[in-house]
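For the sequence shown, numbering that gives the first Met the number 0 begins at 0 and goes up steadily by one. Okay, so here's the structure we're looking at.
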Amino acid sequence: MYVCICTRVRESEIRTAISAGACDEFDVADACGAGTGCGSCVERIRGLLQASEVSLAQAS
């Protein structure tokens, strides 16, 4: 599923960026370009980042 329509970035690409160390929406933008167009996807990107943090906290 596309998260960022402007740059055609899928959720899987954002998850990959997060797994590679992206800590905020700016890191994600640098890694894959998501969030650099109209900005309507930034909240979804933040949600994916937050979900990743919760998963990491539960794993430890």
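In this text, a Cβ means the ideal position worked out from N, Cα and C, and glycines have one as well.
Check, Outcome
"Go through its chain and collect everything with a Cβ distance to residue 9's Cβ below 8 Å, but skip five positions before and after it.", "0, 1 and 2"
"From which residue to which residue does the beta strand (DSSP E) around residue 5 run?", "No beta strand (DSSP E) contains residue 5, which DSSP labels as neither H nor E."
"Do the stretch 36-53 and the stretch 3-23 touch if we need at least three Cβ pairs shorter than 8 Å?", "yes"
"For residue 5, which option in 29, 33 and 21 has the closest C-alpha, if you only look at C-alpha atoms?", "33"
"Which first and last residues belong to the alpha helix (DSSP H) in which residue 29 is found?", "24-31"
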